[in-house]
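Numbered by full-length UniProt numbering, the letters in the sequence shown go through residues 1 to 216 in order. Even glycine gets a Cβ: it sits at the ideal position worked out from N, Cα and C. Just so you know, these numbers come straight off a predicted model, no measurement behind them. Report on the structure given below.
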Amino acid sequence: MDLFTEQDLQQPARVERISAQGVVLRGFALPRVDELLAALRGVLQQSPLRQMHTPGGLAMSARLSSCGTLGWTTDRDGYRYSPLDPLSTRPWPAMPEVFLSLADAAASVAGFSDFVPDACLINAYAPGAKMSLHQDKNERSYTAPIVSVSLGLPAIFQFGGFARSDPTQRISLFHGDVMVWGGVDRLRFHGVMPIKPGRHGLLGEQRINITLRQAG
Ligand code: MD3
Ligand code: FE
């Protein structure tokens, strides 16, 4: 892939490879962040952020929603993808075009062509919220990558190996950064350290992460 992305010819893509098939694209979403946030607002009007509980009954500290034909949910019955939002009892909001095109552009920089996600999980973290080390295993196939977009307050992302007890590395993620994970790295344990207090100019006292997945 060339140094200059189609979406922003002024700005070289700052590509940081963090594992064999895991990359961070610094600032990749910045040229389209206004569009992204407008689309996100529309999604959250139809399917608001809400607290979810793990199958064990613990409240997750991040609030969640989804868009696309499948949305990820968790409750007493387990983790799963569902075509209906259990809160609205209707289909999840459609995946915005800007999500699809950004995800495909990021995936292709990382070497994954023709990425067409059918699920987008939205995680909203207030200061103090975190996501414990876990693997993403509810998707039907593990061949497609996962693309994630960080917005708002910074986070320390943690990624490890293929066993929970493997050593972990930490990487800071900032507003507009995009990560792509796939192939041999798809099942790595990963998580988010508690978000530090702060205020972001566009998003206020929160971090929002959207992850685009091929779940079905
Ligand atoms: C590495 N979200 O929703 S996104 C999740 O920042 C999740 O909200 C985090 O983990 C967040 O499941 C991290 C980056 C990410 C997503 C999926 C991965 C990294 C990954 C799957 C495999 C390896
Ligand atoms: Fe995850």
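When every heavy atom of ligand 1 is checked, does at least one fall within less than 6 Å of the C-beta of Asn138?
Asn138 Cβ: outside cutoff for every heavy atom of ligand 1.
I need the DSSP call for Glu16, collapsed to helix, strand or coil.
Three-state DSSP puts Glu16 in a strand.
Between the Cα of Gln214 and the Cα atoms of Asp75, Leu37 and Ala103, which residue gives the shortest distance?
Nearest option by C-alpha distance: Ala103.
Alpha carbon to alpha carbon, what distance is there between Ile208 and Arg50?
Rounded to whole angstroms, Arg50 to Ile208 spans 13 Å at the Cα level.
Out of Phe189, Ala155, Pro31 and Asp177, which one is the CA nearest neighbour of Lys196?
When only C-alpha atoms are compared, the closest one is Ala155.
Specify the secondary structure class of Asp104 as computed by DSSP and reduced to three states.
In the structure shown, Asp104 sits in a helix (DSSP, three-state: H, G or I).
I need the DSSP call for Pro78, collapsed to helix, strand or coil.
What sits at residue 78 in the sequence shown is Gly, not Pro. Here Gly78 sits in strand by DSSP.
What's the gap between the Cα of Trp181 and the Cα of Arg90?
Their backbone Cα atoms lie some 30 Å apart in a straight line.
From Ala126 to Phe115, what distance separates their C-alpha atoms?
Cα to Cα, Ala126 sits roughly 30 Å from Phe115.
With Pro83 and Thr69 assumed to form a contact (beta carbons below 8 Å), what rounded beta-carbon distance in angstroms separates them?
Yes, Pro83 and Thr69 are in contact; Cβ-Cβ is about 6 Å, under 8 Å.
Where do the N-terminal and C-terminal ends of the alpha helix (DSSP H) with Ala124 fall, by residue?
From DSSP, Ala124 is part of no alpha helix (DSSP H) but of the beta strand (DSSP E) over Ala119 to Tyr125.
Check whether the Cβ of Arg63 sits closer than 6 Å to any heavy atom of ligand 1, and report yes or no.
No, since every heavy atom of ligand 1 falls outside the 6 Å radius drawn around the Cβ of Arg63.
Quick check on DSSP: helix, strand or coil for Pro91?
Strand, per DSSP.
What does a CB cutoff of less than 7 Å around Arg199 pick up in its chain, not counting 5 residues either side in sequence?
The residues are Glu205.
Report all residues from its chain with a CB closer than 7 Å to the CB of Arg164; omit the five preceding and five following residues, and keep chain order.
Excluding residues within five positions, the ones whose Cβ falls inside 7 Å are Leu133 and Phe189.
Taking Cβ to Cβ, would you say Pro117 is nearer than 7 Å to Leu212?
Result yes, Cβ atoms of Pro117 and Leu212 sit closer than 7 Å.
Quick check on DSSP: helix, strand or coil for Leu84?
Note: Leu84 maps to strand in three-state DSSP.
As an exercise, report each continuous beta strand (DSSP E) stretch of at least 3 residues that is fully enclosed by the UniProt domain "Fe2OG dioxygenase" (116-216), in chain order.
Taking only runs of at least 3 residues, the beta strand (DSSP E) segments lying wholly in the UniProt domain "Fe2OG dioxygenase" (116-216) are 119-125, 131-134, 146-152, 155-159, 169-173, 178-181, 190-192 and 207-213.
How far does the beta strand (DSSP E) with Arg63 in it reach, from first residue to last?
Arg63 -> beta strand (DSSP E) spans Arg63 to Gly68.
Please list the terminal residues of the continuous alpha helix (DSSP H) segment that includes Arg41.
First-last of the alpha helix (DSSP H) with Arg41: Val33 to Gln46.
Would Asn138 pass as a contact of Tyr79 if the rule is Cβ separation under 7 Å?
Yes, the Cβ-Cβ distance between Asn138 and Tyr79 is below 7 Å.
Mark Gly201 as exposed unless 16 or more other C-beta atoms lie within 10 angstroms of its C-beta, in which case mark it buried.
So Gly201 ends up on the exposed side.
With C-beta atoms as the reference, is Glu35 less than 7 Å away from Val109?
No, they are not a contact pair.
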